[in-house]
Amino acid sequence: MLLRLLPCLLFGVSNTLAIIAPKVFIFTMFDLEANAWFGIPEFNTPIAPVMASYVFLTTGQAEINAAATISALVYSRTFNLTSTYFLVAGIAGINPKVTTIGSVTFARYAVQVALQYEIDAREIPAQFPTGYFPQGSTAPGQMPGSWDGTEVFEVNENLRQLAAGYAKTATLNDTAAAQAARANYSTGAFLKGASAPSIVLCDTATSDVYWSGNLLGEAFENTTTIFTNGSATYCTTQQEDSATLGVLMRATMFHLVDFSRIIIMRSASDFDRPYPGQNGVANLLGDAPGINPSLLNLHLAGVKVIQGIVNEWDNKYAHGVQADNYIGDVFGSLGGEPDFGPGSIFKGAA
1 MLLRLLPCLL FGVSNTLAII APKVFIFTMF DLEANAWFGI PEFNTPIAPV
51 MASYVFLTTG QAEINAAATI SALVYSRTFN LTSTYFLVAG IAGINPKVTT
101 IGSVTFARYA VQVALQYEID AREIPAQFPT GYFPQGSTAP GQMPGSWDGT
151 EVFEVNENLR QLAAGYAKTA TLNDTAAAQA ARANYSTGAF LKGASAPSIV
201 LCDTATSDVY WSGNLLGEAF ENTTTIFTNG SATYCTTQQE DSATLGVLMR
251 ATMFHLVDFS RIIIMRSASD FDRPYPGQNG VANLLGDAPG INPSLLNLHL
301 AGVKVIQGIV NEWDNKYAHG VQADNYIGDV FGSLGGEPDF GPGSIFKGAA
């Protein structure tokens, strides 16, 4: 998919050897997400690639593809990305305790929930609620005894609020099939899963494993809480964002990009766990009525974000949006003191 998009991205550049300095770079992960942006009236102009206000890229699915593709981008001499805003725009699984299919979410934290020990659930001790537990620990529910640094990334909260504000001006799409699917979640802790689509501030979990089920959902919800000291709200599930953020953080250390200019936007396409009376296999392999509204809402909300940045570039965005919160990884690699994990290994220095 990346190769299919590259001729479009570089249109109008190869003959002039110009360096592109986009205002917004949109990251999609696979073809359905990418296709949601093609042919829409807001971007249907032949001069868009030359103007370079916004550029699209599709990484390929899962963490390795995302890391490899974003690495190729940031170290390319085709682009100057030092002032570019990055909009991660993908679909995701959703926790029905927080919101529902069709909603569009904006994350402050990305948590690499599968970076743990694992024992097959059929072989776990009786006192273990799950086979997952943090590295360097001896049981689920404990803090990690050792950290790799990518377990948690935190992005600019002020920018997240601005992006969500733009997105809230969009009229989200819905379908009768999605409404019927939501109705199954109208009891107990899942009441928000039966609500109408909306713009939601909540956080995202990264794993190459595409899971389904109450036990795994609860396990990774607990992991999110532990890794972030209770700061994050486990909401969306996806396969790329921690890898993307890891590359962008390293590129920031080399002054190639600005980590404070990242927006993580995920629309909800399917529930991460079954409704009462359904099993995990049926939830995973059954009909997915949330796909179509999630793809449409991805661009309906995303267009508002992009237009907001481009239209207010000179007076608000050209020089960046100051982050008042910590931004970066577990280790404090960009400076400052993380509000999660063991604390900065650099003692707050950049």
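Those letters in the sequence shown? Residues 1 to 350, per full-length UniProt numbering, in order. Cβ atoms here follow ideal geometry from the backbone N, Cα and C, with glycine treated the same way.
Just so you know, the alpha carbons of residue 95 and residue 213 end up roughly 11 Å apart. Residue ranges of uninterrupted alpha helix (DSSP H) with 4 or more members, entirely inside the segment 160 to 210 and ordered along the chain, are 176 to 182. When secondary structure is reduced to three states using DSSP, residue 225 falls in the helix class. Residue 348 is positioned such that its CB atom lies no closer than 7 Å to that of residue 147. Within the DSSP secondary-structure output, residue 106 pairs in a beta bridge with 201, 265. For residue 152, the enclosing beta strand (DSSP E) starts and ends at 152 to 154.
In the three-state scheme derived from DSSP, where H, G and I count as helix and E and B as strand, residue 305 is classed as helix.
Residue 299 counts as buried, since no fewer than 16 other beta carbons sit within 10 angstroms of its beta carbon. Uninterrupted alpha helix (DSSP H) stretches at least 4 residues long and entirely within the segment 43 to 97 occur at 48 to 51, 63 to 74, given in chain order.
By the beta-carbon neighbour count (other beta carbons within 10 angstroms, threshold 16), residue 161 is exposed. When only Cα atoms are considered, residue 193 and residue 18 end up about 48 Å apart. Taking C-beta separations shorter than 8 Å and ignoring five residues to either side along the sequence, the partners of residue 80 in its chain run 19, 20, 21, following chain order. A direct Cα-to-Cα measurement between residue 129 and residue 138 gives close to 13 Å. Under the 10 Å beta carbon count, residue 303 is surrounded by 16 or more other beta carbons and is classified as buried. The Cβ atoms of residue 61 and residue 239 sit closer than 7 Å to each other.
In the DSSP assignment, residue 237 falls within the beta strand (DSSP E) that extends over 234 to 238. Less than 7 Å separates the beta-carbon of residue 293 from that of residue 174. Counting the other Cβ atoms within 10 Å of the Cβ of residue 24 gives 16 or more, which makes it buried. The residues 104, 106, 199, 265, 301, 302, 304, 305, in chain order, have a CB closer than 8 Å to that of residue 167 in the same chain once the five nearest residues on each side in sequence are set aside. In the structure shown, residue 270 adopts extended strand secondary structure according to DSSP, grouped into three states. By the CB criterion at 7 Å, residue 26 and residue 267 fall outside the cutoff.
Across the set 135, 276, 29, 34, the C-alpha of 276 shows the shortest separation from the C-alpha of residue 182. Cβ-Cβ distances below 7 Å link residue 350 to 334, 335 in the same chain, with the five nearest sequence neighbours on each side left out; the list follows chain order.
Per DSSP, residue 247 has no beta-bridge partner at all.
Taking C-alpha positions only, residue 339 is separated from residue 176 by approximately 42 Å. Taking a contact to require three or more Cβ pairs closer than 8 Å, the segment 216 to 232 and the segment 109 to 120 qualify as touching. Around residue 208, the same chain offers 62, 63, 239 as residues with beta carbons nearer than 6 Å, after the five sequence neighbours per side are excluded. Cα atoms of residue 254 and residue 248: separation of roughly 10 Å, rounded to the nearest angstrom. Comparing C-alpha distances from residue 206 to each of 245, 156, 190, 186 shows the shortest one belongs to 245.
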